[in-house]
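Encoded as structure tokens, the structure appears first; notes follow it.
There are 2 protein chains.
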Amino acid sequence: MVLLQMPVAFAALPHSLGLSLPVAMLLVFGSAKLLAEIFERLHQPSIVGEILAGVVIGPSVLGWIGPSENMSFLAELGVTFLLFRVGLEVRVGELKQVGWTGALVGVLGVVVPFVTGWGLLRLWNKPQMESLFAGAALTATSVGITAHVLASKGLLNRTASKIILTAAVVDDVLALLVLGVVSSMADRTVNVLELTLTTAFAIGFILLVAGWGSRAARKLIPHLRQRLRIGESQFAMAMILLFGLAALSERAGVAPIIGAFLAGMAMGEALPHHVHDLTQGVTELLVPFFLAGIGLRFSLQAFSSRSTVTLAVLVLLAAILAKVVGCGLGALRYGRPVALRVAFGMIPRGEFCMVVAQVGMGLKVIPADTYAIVVFMAVGATLLTPPLLKLAFRGVASDQGERNAPLIE
Amino acid sequence: MVLLQMPVAFAALPHSLGLSLPVAMLLVFGSAKLLAEIFERLHQPSIVGEILAGVVIGPSVLGWIGPSENMSFLAELGVTFLLFRVGLEVRVGELKQVGWTGALVGVLGVVVPFVTGWGLLRLWNKPQMESLFAGAALTATSVGITAHVLASKGLLNRTASKIILTAAVVDDVLALLVLGVVSSMADRTVNVLELTLTTAFAIGFILLVAGWGSRAARKLIPHLRQRLRIGESQFAMAMILLFGLAALSERAGVAPIIGAFLAGMAMGEALPHHVHDLTQGVTELLVPFFLAGIGLRFSLQAFSSRSTVTLAVLVLLAAILAKVVGCGLGALRYGRPVALRVAFGMIPRGEFCMVVAQVGMGLKVIPADTYAIVVFMAVGATLLTPPLLKLAFRGVASDQGERNAPLIE
Chain E
-11 MVLLQMPVAF AALPHSLGLS LPVAMLLVFG SAKLLAEIFE RLHQPSIVGE
39 ILAGVVIGPS VLGWIGPSEN MSFLAELGVT FLLFRVGLEV RVGELKQVGW
89 TGALVGVLGV VVPFVTGWGL LRLWNKPQME SLFAGAALTA TSVGITAHVL
139 ASKGLLNRTA SKIILTAAVV DDVLALLVLG VVSSMADRTV NVLELTLTTA
189 FAIGFILLVA GWGSRAARKL IPHLRQRLRI GESQFAMAMI LLFGLAALSE
239 RAGVAPIIGA FLAGMAMGEA LPHHVHDLTQ GVTELLVPFF LAGIGLRFSL
289 QAFSSRSTVT LAVLVLLAAI LAKVVGCGLG ALRYGRPVAL RVAFGMIPRG
339 EFCMVVAQVG MGLKVIPADT YAIVVFMAVG ATLLTPPLLK LAFRGVASDQ
389 GERNAPLIE
Chain B
-11 MVLLQMPVAF AALPHSLGLS LPVAMLLVFG SAKLLAEIFE RLHQPSIVGE
39 ILAGVVIGPS VLGWIGPSEN MSFLAELGVT FLLFRVGLEV RVGELKQVGW
89 TGALVGVLGV VVPFVTGWGL LRLWNKPQME SLFAGAALTA TSVGITAHVL
139 ASKGLLNRTA SKIILTAAVV DDVLALLVLG VVSSMADRTV NVLELTLTTA
189 FAIGFILLVA GWGSRAARKL IPHLRQRLRI GESQFAMAMI LLFGLAALSE
239 RAGVAPIIGA FLAGMAMGEA LPHHVHDLTQ GVTELLVPFF LAGIGLRFSL
289 QAFSSRSTVT LAVLVLLAAI LAKVVGCGLG ALRYGRPVAL RVAFGMIPRG
339 EFCMVVAQVG MGLKVIPADT YAIVVFMAVG ATLLTPPLLK LAFRGVASDQ
389 GERNAPLIE
């Protein structure tokens, strides 16, 4: 399979426009926080403001900064820490309670968008392979956005949130499988054995870490803590386990952020409050780069023809509706309100869609305008999620007491 | 002047060797902490272990990772946060007490190494311009290393530490001036007025921020705190002021880390403990990248001839002795023990030396072997500083109570 190296896709991005480090940091962080503040005052989700900040300073509007390699690196590091922090607040046992529902949501949330995306492009008279790639691009949920919203509202312990997190892990494995199948179809090298083994390996890795990670961390961390002599040794251990599991998960065919989430979940109980605080500092600094980074990729220039614009809007609607229907059905046994929360929480799309489109471009089955449509769909779906989630969670009380309320204020 | 854009020099570095984010993070952070632990157990300074980790995993030994753009970016961000954190612990009033001595140490610590470096290369029959550039490359102290040692031992409030920090600011301005003069001599465009104005502007900027920054921050931060609605608004403000001052200082012709130090000093009293903790998290994560990053640049391959090796050792000795004599003399009125601590603290060299050498290469007056000698000198001087500081500060008690002991454990 060609696909299991998501970060490599970033290497193709252009360099920053010669901005020095402090200027680039100030521009992205400052504009994200400025728009977050404005959105807060307009009673809109601040996260939307942070994403739009990227659109405003990026190539589409002001052109002050492009999606450079350094900024993408910070963005990736930011979403890694975000998922790690979310994992720290979640217990494996709690996810197990909703395990089968989460799995069903994950499966339907991949199958329905894939079929919908493929069908829509076939109806639009696009070639078979291009339609299959477009379908694949609609599959993967970018759980970072939803996790950030839920964490910032102190809603991580609600049933819907647990289903979303479980489904996101399943979704990730399946979406990678779909991309594997589709891209090996495109270069006519379908190897069923290899695809099956890769998927089995990914599932095995996740089950292993989720099942044993917490127990191992509870033994390992206090043991090492007594023996290590360097300062802040627990923070150092946490970072090594975080990057180690992220690297391993990549090897196992799972996105590194899933590894980061599993690492957080494994270490949540073993790490003291002080280490939670230190990782929160990193998260607070870097998450704006992840959010604004989404906006930075957005490009209006590609939409020259009316036909492209129409198709882009249709694809965006299909991407949203397909997830809502698929994931909503999957969670229906928990009642309509929960199903709706889960459905909305699974809408966001992110890098994965763009990676699919880039693989498709590399195999010469996705043209440039379809790539632009995929990016438009990902940014659009992501921007619409926070207000929808706000609506669906209206009146739901945030988690109380326990692990002192909002993780990210 | 050609010179006031230090970070741009990094753009010339090669890319990482196709390592994904988690692998690169794990490799650098993990090896730095592993060697730090080993050095702690051998009763050696852990900071030396972290620098050597870069040498071991870098091009000189294992070749697992090169000084890529992303790693340099993290390193630069790391030293920015390190100086910011140090600034948070230092009061302007305390530096004023040792102001004149600090200035004298700064001046002698630039003049003596410049003359020594130039003289040595002239004696070695090197051309005039090459010798002048080599002299310029010996001038700038890299205060990050010393600041890290002093902070980690809880020694920031000792007299010697205050003199070192003050001298480092003066040193930075003068070293940039020397580079300006030397490089405009090389391309025959000496403009005395421009050089004078740039220097005056830099000094004015520093005096302005040091003099008024603290007062302004004490008014601004509580005021904004009440009005802002975003989460962790004080952390966001601190970051914006940090990057803003670093960017401004760059504009004013001062290194961004000096701006970060001034920003920390201005905000130290205005920020609550919680924000100090959050920034410590970032510092803990990124400082190993700064330290290992020094080692990553080291290259043994360049030393093919015995003559180059001999000159490299002589330049290293000259670099150390010149700083010790110059800075020691400057601080002599505080007695020999303090003078020795100051002298040793001013030894480390860093990026600046390599920037000087790169400017010289760009102007075709510095050949590749002299560049390698400069890098060897910088890494060597930096590696020798922590043990020398340990020796000089032997028996000195760390700061007590006040702002709860070691800043970086």
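Residue numbers (our numbering), protein chains in the order written: chain E, -11 to 397; chain B, -11 to 397.
The beta-carbon is built from N, C-alpha and C at its ideal position, and this holds for glycine as well.
- Message: So for arginine 382 (chain B), helix, strand or coil by DSSP?
- Response: Arginine 382 (chain B): coil per DSSP, three-state reduction.
- What residue ranges within the segment 296 to 354 of chain B form continuous alpha helix (DSSP H) runs of no fewer than 4 residues, ordered along the chain? Counting whole runs of 4 or more residues, the segment 296 to 354 of chain B contains the alpha helix (DSSP H) stretches 324 to 333, 339 to 350.
- Thinking valine 275 (chain E) and glycine 87 (chain E) are a contact (beta carbons under 8 Å), I'd like their distance in whole angstroms, please. With a beta-carbon spacing of about 28 Å, valine 275 (chain E) and glycine 87 (chain E) fall beyond the 8 Å limit used to define contacts.
- Query: Using a C-beta cutoff of 8 Å, does phenylalanine 278 (chain E) count as contacting chain B?
  - Reply: Not closer than 8 Å to any Cβ of chain B, the Cβ of phenylalanine 278 (chain E) fails to qualify, so no.
- Task: Just mark alanine 156 (chain E) as buried or exposed, buried being the case when its beta carbon has 16 or more other beta carbons within 10 Å.
- Result: The residue is buried, with at least 16 neighbouring Cβ atoms inside 10 Å.
- Message: By the DSSP assignment, the alpha helix (DSSP H) with tryptophan 106 (chain E) in it spans what residues?
- Response: Note, tryptophan 106 (chain E): alpha helix (DSSP H), 87 to 111.
- Message: The alpha helix (DSSP H) that contains glutamine 222 (chain B), what's its start and end?
- Response: Membership of glutamine 222 (chain B) in the alpha helix (DSSP H) is indicated by the continuous run 221 to 239.
- Determine the DSSP secondary structure at leucine 30 (chain B), reduced to helix, strand or coil. Reduced to three states, the DSSP call for leucine 30 (chain B) is coil.
- Below 8 Å between beta carbons: does that hold for glutamate 25 (chain E) and leucine 216 (chain B)? Yes. Within cutoff.
- Item | Same chain, Cβ closer than 8 Å to leucine 71 (chain E), neighbours up to 5 away in sequence not counted | Excluding the 5 residues flanking it on each side, leucine 71 (chain E) has same chain C-beta neighbours closer than 8 Å at Val131, Gly132, Ala135, Ile245, Ile246, Ala248, Phe249, Gly252, in chain order.
- Task: Tell me whether asparagine 58 (chain E) sits in a helix, a strand or coil according to DSSP, three-state version.
- Result: Here DSSP, grouped into helix, strand and coil, assigns asparagine 58 (chain E) to helix.
- Message: Check whether the segment 300 to 313 of chain E and the segment 357 to 373 of chain E touch, using three or more Cβ-Cβ pairs below 8 Å as the test.
- Response: Yes, the segment 300 to 313 of chain E is in contact with the segment 357 to 373 of chain E.
- Report yes or no: do three or more beta-carbon pairs, one from the segment 258 to 267 of chain B and one from the segment 257 to 274 of chain E, lie closer than 8 Å? Contact holds: three or more Cβ-Cβ distances are below 8 Å.
- Check whether valine 343 (chain B) and alanine 254 (chain B) have beta carbons under 8 Å apart: Against a cut-off of 8 Å, the Cβ pair of alanine 254 (chain B) and valine 343 (chain B) comes out as no contact.
- Cβ-based burial, asparagine 58 (chain B) [other Cβ within 10 Å; buried from 16]: Taking all protein chains in view, the Cβ of asparagine 58 (chain B) is crowded by 16 or more other Cβ atoms within 10 Å, so the residue is classified as buried.
- Query: In its own chain, which residues sit with a C-beta less than 8 Å from the C-beta of proline 375 (chain E), not counting the 5 before and 5 after it?
  - Reply: So the list reads Gln32, Pro33, Val36, once near-sequence residues are dropped.
- Message: So that I know if they touch, is there some Cβ in chain A lying closer than 8 Å to that of leucine 14 (chain B)?
- Response: Among the protein chains in the structure shown, which are E and B, there is no chain A.
- Message: Quick check on DSSP: helix, strand or coil for serine 8 (chain B)?
- Response: In the structure shown, serine 8 (chain B) sits in coil (DSSP, three-state: anything other than H, G, I, E or B).
- Task: Leaving aside the five residues before and after leucine 328 (chain E) along the sequence, list all residues of the same chain whose C-beta is less than 6 Å from its C-beta, in chain order.
- Result: Here the set comprises Ala380.
- Message: Using beta carbons (cut-off 8 Å, strictly below), is lysine 114 (chain B) in contact with chain E?
- Response: For lysine 114 (chain B), the answer is no, since every Cβ of chain E falls outside 8 Å of its Cβ.
- Query: Which residues, in order along the segment 15 to 26 of chain E, keep a beta-carbon less than 8 Å from a beta-carbon of chain B?
  - Reply: Within the segment 15 to 26 of chain E, the residues whose Cβ lies closer than 8 Å to some Cβ of chain B are Phe17, Gly18, Lys21, Ala24, Glu25, listed in chain order.
- Item | Rounded separation between asparagine 179 (chain B) and phenylalanine 189 (chain B) - CA only | One C-alpha to the other measures close to 15 Å.
- Query: Are the CB atoms of glutamine 289 (chain E) and proline 260 (chain E) nearer to each other than 8 Å?
  - Reply: Going by C-beta atoms, glutamine 289 (chain E) is not nearer than 8 Å to proline 260 (chain E).
- Where leucine 377 (chain B) sits in the DSSP three-state scheme: DSSP, reduced to helix, strand and coil, places leucine 377 (chain B) within a helical segment of the structure shown.
- Item | For threonine 370 (chain E), three-class secondary structure by DSSP | Taken through DSSP and simplified to helix, strand or coil, threonine 370 (chain E) comes out as helix.
- Task: Could you name the residues of the same chain whose beta carbon sits closer than 6 Å to that of leucine 162 (chain E), not counting the 5 residues immediately before and after it, in chain order?
- Result: Within the same chain, and ignoring the five residues on either side of leucine 162 (chain E) in sequence, the residues whose Cβ sits closer than 6 Å to its Cβ are Val98.
- Query: Does phenylalanine 381 (chain E) get closer than 8 Å to chain B when you measure Cβ to Cβ?
  - Reply: False, the Cβ-Cβ gap to chain B never drops below 8 Å.
- Taking any Cβ of chain E, which residues in the segment 215 to 229 of chain B have a Cβ under 7 Å from it, in chain order? Contact annotation: in the segment 215 to 229 of chain B, residues whose CB is within less than 7 Å of a CB in chain E are Leu216, Arg217, Ile218, Gly219, Glu220, Phe223, Ala224, Met227, Ile228.
- Task: Can you tell me which of the three DSSP states glycine 142 (chain E) falls into?
- Result: It is coil, neither helix nor strand.
- Applying the criterion that 16 or more other CB atoms from any shown protein chain within 10 Å of the CB defines a buried residue, is glutamate 257 (chain E) buried or exposed? Exposed.
- threonine 267 (chain E) versus chain B: which residues are under 7 Å apart at the beta carbon? Ordered by position in chain B, the residues that pass the 7 Å Cβ test against threonine 267 (chain E) are Gly269.
- Item | Terminal residues of the alpha helix (DSSP H) in which aspartate 159 (chain E) lies | Boundaries of the alpha helix (DSSP H) around aspartate 159 (chain E): 147 to 174.
- Task: Sort B:Asp357, B:Ala319, B:Val384 by Cα distance to isoleucine 152 (chain B) and report the nearest one.
- Result: Minimum Cα distance to isoleucine 152 (chain B) is reached at B:Ala319.
- 7 Å Cβ shell around proline 101 (chain E) - same chain, five flanking residues per side excluded: Around proline 101 (chain E): Leu126, Thr127, Ala307, Ala310, Lys311, Gly314.
- Please state whether DSSP places isoleucine 53 (chain B) in a helix, a strand or coil. Here isoleucine 53 (chain B) sits in coil by DSSP.
- Message: Taking the alpha helix (DSSP H) that serine 119 (chain B) belongs to, which residues open and close that run?
- Response: Element bounds for serine 119 (chain B): 116 to 125.
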